[in-house]
Amino acid sequence: MHVLPYPVAAYIFLTGCYGLATSRNLIHAVGCLAVCQSATYVLLLAVGYRDGGTAPVFSDMKPGSRPLVDPVVQALTLTDVVVGATVTALLLALVLQIAKRHGTVDPDELRELRG
Amino acid sequence: MSDALIVVVLLLVAGSATAAVAQRDPARQALVLSFLGVLLAALFTVLQAPDVGLSQLAVGSALTPLLIMLSVRKIRRRGRSEEEDG
Amino acid sequence: MNGWILAATVELGGGGAAALWGVTTGPPARRVVAQNLTTSAVCPALLLLAQGYGRPSYVDLALLLALLGPVGTLVFARLLSDDLAGERPGAWPLTWTAAGLGAAVVLALCVAGAPGRATVKLLVIGALLISGNVIASRALAGGYRGVRGG
Amino acid sequence: MNRLRLWLLAVGGAGLAALLVAACLDLPGFGGSRHPYGDRAVRAALSRHTANTIASVNFDQRAYDTLGEMSILFAAVLGCVVLLREARDEHRARPEPADVARPVRRYALLVLPVALVTGLYVIAHGQLSPGGGFQGGVVAATALHLLYLGADYHALERVRPLGVYETTDALAVSSYLVLGAAGILAGTAFLANTLLPYGTFNTLSSGGTVPLLNAAIGMEVASAVVVLLAHFLDQAVEIEEEHGRGTP
Amino acid sequence: MHHLIPLLVAIPLLGAALLVATGRHLPRIAAELTGFVVSAGTAALALILLLNSAPPMVEWVGGWLPVDGESVGILVVGDGPALGMAALASLLTLAALAYSWRYFDEPPRDRTGSFTALMLVFQGAMCGFAVAGDLFNAFVFFELMSVVAYALTGYRIDEAKAVQGALTFGIVNSLGAYAMLMGIALLYARTGELAMAKIGRGLDAAAGPGGPDALVLASFVLVLTGLLVKAAAVPFHFWLPDAHAVAPTPVCMLLSGVMVELGAYGVWRVYGTVFAGPGGIPAADLTRALVTLGALTAVTGAVMCWYQRHIKRLLAYSTVAHTGLFLVGLGVLTPEGDDGVALYLLGHAGVKAALFACAGVLLDRFGSVDEHALHGRARGQLRATAVMFAVGGLGLAGLPPFGTALGKAITEEAVGGPFTVVYVAASAITAGAVLRVTARVFLGLGPRPGDAEYETSGSDEEPETSGPLRRIPDTMTIVPAVLLAAALAVGLAPGFGALVARSVNEAGSGGAHASAHWTLPGVLLGVASALLALALAGLAVSRPGWVAAPGWAAPLRRLQSGHVGDYVAWLLVGATVLGALALPGILGS
C-alpha cells in the first residue's frame, strides 16, 4: 500500500499551473493546460486501481476469474480525454486569431483589456 | 513487481510533464507533449485501463501534435510574410 | 510477477528515460530522433505487458502505437522541415538497433504463444513498427525538401 | 516576469500543494479493493451481455455523459469552424506542392488503408475488446491525413469533400439523440437500452443499443476530427492575410 | 412526466445538429426561424415541467432505477430550482435569439445557421447543468457550457479584444473545470459514488468521530473553485469583464444573465446535497467562506464598475458585484436567504439582459460603447432605448416594485446586520454608474470627462451588424422592453414570490418554509438604494471631481491586468484562501 500516484497527480497539476502562469507564448500556455489536464487522468485512474486487478473486459477472459479494476473511472477518464483534445483545439483556434489581430502570441504584449 | 512498474512509469510521466512545462518553445514543447502522450498511454495500460490508453494514443501521439504544429507553422508563416513586407 | 513484466519494466524504464533525455535536450534534430525512438521503445513494452498480464486484447494498444507513432514523427518531419534542413538527422545505427529490439520482442512473443491469429497480428504489428520507424528516420533525414506553403 | 505574479503563484501554489498533500494522505491507499460503483457497473454490464464493461458504462449505464461528451466535440468543432473562418481581410493562396521523398510517399499511401481498416476494427469491436467509437474514429480520421503527410495538400483535398463530413458529423449526433429519444417513445426512459435484444455474450451484435450508439460516436468523431483538422490545415497552408492590413 | 427532463438537453442539441446538417442549403431566415422554434419549444417544455415540479421529480436516465437504493445510472433532478434555472436559461436564449434576428449581417459563408446552432447548444448545456443530479454529469455539462461560451465570445474574429477575451475566458475556466474534476476524483476515492446525494451520504458514513478531514476540505475547495470561477467570485473574477465586454451582445445577455448565476446555483446545489451533512463542511465554515468572498466580490465589482468607461465592461462589473450579493445571500444558509437570492437572480437576469441589449443598440448605431466618446451623441434620438437604459439602471438599484427589489429586500432581511450596507452600497453604486452613463450619453449632461491612464476604452469597436444602423430594428427595442417588463412582473405578480419561495424551500436543504412578500423596511431600503444611485449619478455628472478615481483605487485597477498568467496565479490564491476560510471547522472538530 502506497500513495505515490496521488501526490504525483497533484504535482503534475501544480507544474502545469506554474507553466501557465509564467508562459511567454500562448501556444505554450495551451500545452501547459493539457499538462494540467493529464493530472486529472492520473488521479482518476489511480483512484480506480485495484491491486492485482485487470481490466473488466471480457473478450479474452472469463467473468469472475480475476479481480477487476474500477470501470467507472475509466469511462470518466475517456470522457475527460475527449474534452481535453477538443478544448485544446478550440483554444489553439483562438490563439491563431490572436496572432493575426495582435501580431503577437506573447501574453505580456497583449495590452488591450486593462483596468 | 507490478508496483515497481507503476512507480517507474509514474516517475517518467512526472518527469516528462515537468519537461513539457519547461520547454518554452512551442515546437519543442509539442515534441515533449507527444512523448508525454505515449507515456501516459503506457501508464494507463499499466493501470489496467486499455480503453483510456487507446484514446490517449489516438489523441496524444498524432492528433494533438499535429494541431499544435499546424498552429506553430501558421504563426511562423505570418511572421515571415510580415518580415518580407518590411 | 513474471519475466515478461520485468522485461517491460526494464524496457520502459531504460528506453523511456533515454528518450526523455533525448527529447528535452540538445538541438532540434536530436529531439525529433528521440521522439521517433519513443515509439520503438514503448511499442515492444506494450506487447510484453499484454503477454505479462495474460490479456491478448491489450495488443491493440501496440497496434495503434505502431500505426500512429510514425505518423506523429512524420508530422514533425514535415512541419519542422525548415529547422531540420541543415542537419538531416537520421541516426541510422540507433534506428536499426531499435528495429532489431522490436523484431526480437515480436519473435519472442510469437514463440511463446500458440500459432494462430494472434501470431499473425503480432507479425503485422512487428512489420508496421519496423517499417514505420525506418521510414520515419528516412523522412527526418531529408524526406521533405522544398516544403514551402504546402 | 512580474514580481507580484510570482508572489501570488508562490503563495497560491504552496497553499494548494499543502492542501492536496494533506488530502492525499487521507485517501484510501492506492490499489484498495473498495469500488462499490465499479462492482455494480461490472454486474450491470454482464447482465446486458456487454463484454467490455467500459463500453457498457459509456454507452448504456452512463450514456447520458457520453451524450455530453459528444456534444462537447460537436460544439468545439462548430466553434473552430466559426473561429477559423476566412476573415474579411484574408484570401486563399494555392500552396506549392511539397517534394516528398519516394519511400515516405509509398509508406504513407500503403499505411493509409491499413490505418483506416484498423480504425474501423477498433470501432466495430468497441463493445467487446478495448476500443470504441472515439478511439477508432480518431484513428480513421488521422489516417486520412497521411495523404497530407505523404503526398500534399491537394491530394487530401480531393478525397475530402468537407460539406459531406460536416453533414455526417451532424447526422451522427442526431442519430444518437434520436436513439435516446426512442427510449422515451417506447415508454421507458431517455437512452434506455431496452429496445433491442441483448444478443449472445461476446459477439458483435451483443449489448442491445450499445453497438448502435458506439457506431454513431465513431461516425461523429471521425468526421468531426476531419473537419477540425481541415480548418487548421487551411489556416496553416492556404489562408493568407492581405498585405499591409490585419495587424494593429 | 419525469421521463421528459432529459429532453431539455436533447431538443436543443437536435435542433443544432439539424441546423448544421442543413446549414449549407438553408436561407438565413429559415435557419433563424428553426432556431427560434426549437428554443421556444424547449422553453415551453421547461415551463410545463416547472409547473409540475411539486413534489420534486427525479429521473434515472437510461431507466436504471435504483435496486436496493443503488443505481449505476445518472440521476437528473426536476425540482423547482433546477427547472427554474433551465426555464430561465431557455427564456433568455429565446430573447437573445429574437434580439439577434437582424444581427450579424455577415454570417460565415455557406454556414448560415452556425451562430444559431451554437446558441442552441449553449441553451442545452445550461439546461443540462441545471438539472444535473450527478456530480460528473454536472462537470460534463459545465464543460459543454464553457466550450460553447468560448466559441461564442470569440465569434467576432475581426476584433482584437474579442479573441483575447475569449482565450482568457477559455484558459481560466478550463483550469477551474479541471480543478473541479480533481475534486470529483477525490470524492469518488472516498465514497465510490458519483450521484450527489449518494456522495453526501457516503461522506457522512465515512466520517469518523473526528468529523470531516483534509480530504473533504480539499475536495470541497477544488469543486468550489470550479464553480466559483464560473460565478466570478473574487479573486476568480478577472476573466469575466474581459470576456463579457467583448462578446457579441446577444451572447452577453446570456453570459451575464444566466451563465454566471448558474455558477452560484451550482454552489448552492453542491453544498446542499454533498457537503451539508455531518461528514461535510460545517455550516459555520461555509458561511464564513461564502460571505467573506461574496462581500469582497460585491465591493470589488461595485468599485470597478464605477470607474469604467467601456459601457459593456461596466455592465460586466455590475454582474460581478451582483453575484457577490447572491453568494452572500446563499452563504447565510437560511431558507429566507435562498428565496431572496432566487427572486433577486430572476429580476437581475431580466434587468441585466435588457441593459446589455440597450448597450448593443448603442454599439450598432454609433460603432462605440465608450461613455466618453459617446458623450451627448445619443441626445434627441434613441428615446426608447434611453428610457429603457434609465429604467434598467433603477431596476439594478432595486427600486420597488422590480423583482430585484423584492429579492434584495428578502435577502437583506435574511443576512441582516452590517451586510445590509453592502447590499445597499453595491446595488446603488452599480446602478449609479448605469444612470451616469444614461445622463452623459443620452442626455449629454455635464462636461466631457478626460482620459485616465490605465483603462479599457470602448471606442473604435466594429458594429455587430454589417454597418452602423440608421434605423434600429423593432426587435432590438421590443426585446429589452419585454425583459424589463418580466423583471417588473417578478416583483409585481401576486403570489409569484410565494411560489418561488415554496419551490426553493421544497428542494433546499433547510426544509423550512419561509414567506416571501414585500415588507416596509425592504421597500424603504430599495427606495434608498435608488435615491443613492440617482444622487451618485447626479454628482458624477455635475461635480466629476468629487467622485473621480481616488488614489487607492488605482492598485485595484492595476490588478485587472488583462494578463492570463496573473489570472491563473489569482486562481491558485483563491483556492488557498477558500481552503483557509473553511479550515477552522476541520481543525476544530
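Residue numbers (the numbering used here), protein chains in the order written: chain A, 1 to 115; chain B, 116 to 201; chain C, 202 to 351; chain D, 352 to 599; chain E, 600 to 1188.
From the three backbone atoms N, C-alpha and C, an ideal C-beta is built for every residue, glycine too.
Smallest Cα separation from residue i: which of the options?
| i | options | result |
| --- | --- | --- |
| cysteine 17(A) | Val3(A), Arg24(A), Leu4(A) and Cys32(A) | Cys32(A) |
| valine 1078(E) | Thr848(E), Ala1008(E), Ser1128(E) and Asp938(E) | Thr848(E) |
| threonine 539(D) | Tyr754(E), Ala1100(E) and Trp659(E) | Trp659(E) |
| glycine 991(E) | Thr641(E), Asp841(E) and Leu914(E) | Leu914(E) |
| glycine 677(E) | Gly727(E), Asp937(E), Arg1156(E) and Arg789(E) | Gly727(E) |
| glycine 152(B) | Gly175(B), Leu126(B) and Ala135(B) | Gly175(B) |
| alanine 292(C) | Asn334(C), Ile206(C), Ala218(C) and Trp205(C) | Asn334(C) |
| glycine 130(B) | Ser23(A), Ala39(A) and Val3(A) | Ala39(A) |
| proline 165(B) | Val47(A), Val57(A) and Gly115(A) | Val57(A) |
| glycine 966(E) | Gly878(E), Gly930(E) and Glu1063(E) | Glu1063(E) |
| alanine 792(E) | Leu359(D), Asp390(D) and Gly364(D) | Residue 792(E) is actually glutamate in this sequence, not alanine. The shortest C-alpha separation from glutamate 792(E) is found at Asp390(D). |
| tryptophan 205(C) | Ala300(C), Leu269(C), Val306(C) and Trp297(C) | Val306(C) |
| aspartate 757(E) | Asp841(E), Val845(E) and Leu839(E) | Val845(E) |
Within 10 Å of its beta-carbon, does residue i have 16 or more other beta-carbons around it, so buried, or fewer, so exposed?
| i | result |
| --- | --- |
| threonine 77(A) | buried |
| histidine 386(D) | buried |
| aspartate 416(D) | buried |
| valine 468(D) | exposed |
| methionine 184(B) | buried |
| glutamate 447(D) | exposed |
| serine 1141(E) | exposed |
| arginine 413(D) | buried |
| isoleucine 628(E) | exposed |
| glycine 314(C) | exposed |
| alanine 956(E) | buried |
| threonine 225(C) | buried |
Once you ignore the five residues that flank residue i on each side, which residues in its own chain have a CB closer than 6 Å to its CB?
| i | result |
| --- | --- |
| glycine 216(C) | Ala242 |
| glycine 1006(E) | Gly939, Leu942, Tyr943 and Gly946 |
| leucine 614(E) | The amino acid occupying residue 614(E) in the given sequence is glycine; leucine does not appear at that position. Cβ within range, chain order: Val637 and Leu719. |
| glycine 825(E) | Gly775, Ala776, Ala778 and Met779 |
| asparagine 409(D) | Thr417 |
| alanine 396(D) | Thr404 and Ser407 |
Could you tell me whether any Cβ in chain H is nearer than 8 Å to the Cβ of residue i?
| i | result |
| --- | --- |
| aspartate 416(D) | Absent from the structure: chain H. Protein chains present are A, B, C, D and E. |
What in chain A is Cβ-close to residue i, meaning under 7 Å?
| i | result |
| --- | --- |
| glutamate 742(E) | Val83 |
| proline 448(D) | Near proline 448(D) there are no residues of chain A at all, since even the closest Cβ is about 24 Å away, more than 7 Å. |
| tyrosine 254(C) | Thr54 |
| arginine 139(B) | Arg24, Asn25 and His28 |
Got a sec? Which residues, its chain only, sit under 7 Å from residue i by beta carbon, not counting five neighbours each side?
| i | result |
| --- | --- |
| glycine 52(A) | Pro67 |
| alanine 681(E) | Ala729 and Val730 |
| proline 599(D) | With a pLDDT of 35 at proline 599(D), under the threshold of 50, the predicted position of this residue should be treated as unreliable, though the coordinate-derived value follows. No residues qualify anywhere along the chain. |
Note down, in chain order, every chain D residue with its Cβ under 7 Å from the Cβ of residue i.
| i | result |
| --- | --- |
| arginine 177(B) | A quick correction: the sequence has alanine, not arginine, at residue 177(B). Those within 7 Å of alanine 177(B) in chain D are Thr493. |
Looking at the C-beta of residue i, does it have a partner C-beta in chain A at a distance below 8 Å?
| i | result |
| --- | --- |
| arginine 596(D) | Caution applies to arginine 596(D), whose pLDDT of 40 falls short of 50 and renders its modelled position unreliable; the value that the coordinates give is listed next. Closer than 8 Å: no. |
| serine 164(B) | It should be noted that the sequence gives alanine, not serine, for residue 164(B). It does; some Cβ of chain A falls within 8 Å. |
| alanine 135(B) | yes |
Using a Cβ-Cβ cut-off of 8 Å, state whether residue i counts as contacting chain C.
| i | result |
| --- | --- |
| serine 131(B) | yes |
| arginine 193(B) | no |
| valine 153(B) | yes |
| serine 186(B) | no |
Given that residue i touches chain C, what residues does it touch there, using C-beta distances under 7 Å?
| i | result |
| --- | --- |
| valine 57(A) | Ser258 |
| serine 146(B) | With the sequence shown as reference, residue 146(B) is identified as leucine, and serine is not the correct amino acid for it. Simply Val224, Arg232, Val233, Gln236 and Phe277. |
Residue i versus chain C: which residues are under 9 Å apart at the beta carbon?
| i | result |
| --- | --- |
| arginine 143(B) | Val224, Thr225, Pro229 and Arg232 |
Keeping to the same chain, check which residues put their C-beta closer than 8 Å to that of residue i; ignore five residues upstream and five downstream.
| i | result |
| --- | --- |
| arginine 596(D) | Unreliable placement is indicated for arginine 596(D), whose pLDDT of 40 sits below 50; the coordinate value is still reported in the next sentence. Excluding positions up to five away in sequence, the list reads Asp440. |
Is residue i close to chain E, meaning its C-beta is less than 8 Å from at least one C-beta of that chain?
| i | result |
| --- | --- |
| isoleucine 590(D) | no |
Kindly list, in the order they appear in chain D, the residues whose Cβ is closer than 9 Å to that of residue i.
| i | result |
| --- | --- |
| proline 107(A) | Within 9 Å Cβ-Cβ: nothing; proline 107(A) doesn't reach chain D, min ~11 Å. |
Looking at the ligand HEM, does it come within less than 7 Å of residue i, judged from the CB to the closest heavy atom?
| i | result |
| --- | --- |
| glutamate 437(D) | Of ligands this structure carries none, so the ligand HEM is not represented either. |
Shorter than 8 Å from the beta carbon of residue i to some beta carbon of chain D?
| i | result |
| --- | --- |
| leucine 1180(E) | no |
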